[in-house]
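Everything on this sheet refers to the single structure shown next.
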DNA sequence: CCGATATTTCAATAATTGTTGCAATGTCAA
DNA sequence: TTGACATTGCAACAATTATTGAAATATCGG
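Chains as they are written, first to last, in the working numbering: chain A, 1 to 123; chain B, 124 to 246.
What follows is the structure in structure tokens.
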């Protein structure tokens with residue numbers, strides 16, 4: 001990840017509503033949440049949520065797909081892993097005597113990015 | 124960490140120059156870097172750098188102290204750890220069958236926050 | 001104390017970002 | 001096909017954030 005991408009990705013997260021959306025989606029796991037559920041959960045209007053979801057997608061942090069009348073969204077776990085790796089790269093110049101060990105075990109970050117087909121919503 | 128603090132902390136990082144400063148400081152480790160070195164490294168003016176360092180301090184990500192004529196700055200490693208923990212809290216609702224394991228081993232993040240007394244610069 | 005070096009403060013200006021309501025689009029069930 | 005529901009696009013407006021130069025503050029060596 002280059003520094004321009006990283007700062008755009010951080011900008012996407014650096015907003016109270018988008019952060020709330022992101023965390024709700026992280027907690028929801030691969031099956032994600034519908035836009036309506038998110039809007040209600042975060043407490044903002046549908047228009048506003050739509051704008052913020054777009055921002056998260058533009059940053060590559062979130063992916064959306066249609067399920068019936070709803071659009072569900074999901075966290076792109078790989079993008080999060082890359083971001084965290086970039087943030088703390090070369091920590092302490094990589095010197096083992098300053099860094100007590102590998103600081104972040106990001107390779108096994110959260111659950112995989114597996115798609116979930118939810119029969120309850122399938123069209 | 125609460126969500127307001129987290130989004131402020133992310134805002135501090137979500138800027139190309141501040142991110143460059145942060146990463147340079149992460150790589151520099153506990154002894155940090157002087158403002159002048161940072162300004163030259165990042166390629167911005169002293170005034171501008173001063174502003175951005177203040178932002179990073181305000182967010183609790185960076186700490187500064189005077190050494191002779193210079194002001195050196197350092198990353199507050201604990202703040203970074205808390206931020207990363209907050210970001211991916213409750214991943215997949217904590218369900219082990221979705222999350223392949225503990226996703227981020229943040230407790231041993233980077234080097235400690237040990238102060239470094241550099242005799243070369245001591246007053 | 002004086003001149004040189006390092007950094008910060010202030011004030012003005014420029015640029016970006018967030019919010020809202022309304023109309024438009026797409027999907028479903030009857 | 002129609003009416004209801006879910007989401008998005010647009011446009012206007014409000015608010016925040018970034019950059020710059022010049023002057024001020026603090027430290028050091030002589």
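Backbone N, C-alpha and C define an ideal beta-carbon position, used for all residues, glycine too.
Give the single residue among the options whose Cα lies nearest to the Cα of residue i.
i: residue 66/A; options: 13/A, 36/A, 7/A and 1/A; result: 36/A
i: residue 145/B; options: 196/B, 163/B, 124/B and 206/B; result: 196/B
i: residue 9/A; options: 89/A, 62/A and 90/A; result: 62/A
i: residue 15/A; options: 2/A, 48/A, 64/A and 1/A; result: 48/A
i: residue 34/A; options: 64/A, 57/A and 56/A; result: 64/A
Which partner residues does residue i have in the DSSP bridge list?
i: residue 73/A; result: 33/A and 64/A
Express the C-alpha separation of residue j and residue i in angstroms, rounding to a whole number.
i: residue 177/B; j: residue 165/B; result: 16 Å
i: residue 12/A; j: residue 130/B; result: 10 Å
i: residue 127/B; j: residue 182/B; result: 11 Å
i: residue 204/B; j: residue 46/A; result: 33 Å
i: residue 225/B; j: residue 192/B; result: Confidence at residue 225/B is low in this model, with a pLDDT of 36, below 50, so the placement of that residue is unreliable and no value is reported for it.
i: residue 155/B; j: residue 26/A; result: 34 Å
i: residue 93/A; j: residue 147/B; result: 9 Å
i: residue 198/B; j: residue 79/A; result: 24 Å
i: residue 86/A; j: residue 140/B; result: 15 Å
i: residue 200/B; j: residue 71/A; result: 38 Å
i: residue 167/B; j: residue 175/B; result: 10 Å
i: residue 84/A; j: residue 206/B; result: 11 Å
i: residue 125/A; j: residue 125/B; result: In the structure as shown, chain A starts at 1 and stops at 123, and residue 125/A therefore has no counterpart that could be examined.
i: residue 161/B; j: residue 173/B; result: 10 Å
i: residue 57/A; j: residue 180/B; result: 30 Å
Exposed or buried, what is residue i when buried is set at 16 or more other beta-carbons lying within 10 Å of its beta-carbon?
i: residue 152/B; result: buried
i: residue 163/B; result: exposed
i: residue 161/A; result: This structure cannot settle anything about residue 161/A, because the visible part of chain A is limited to 1 through 123.
i: residue 212/B; result: exposed
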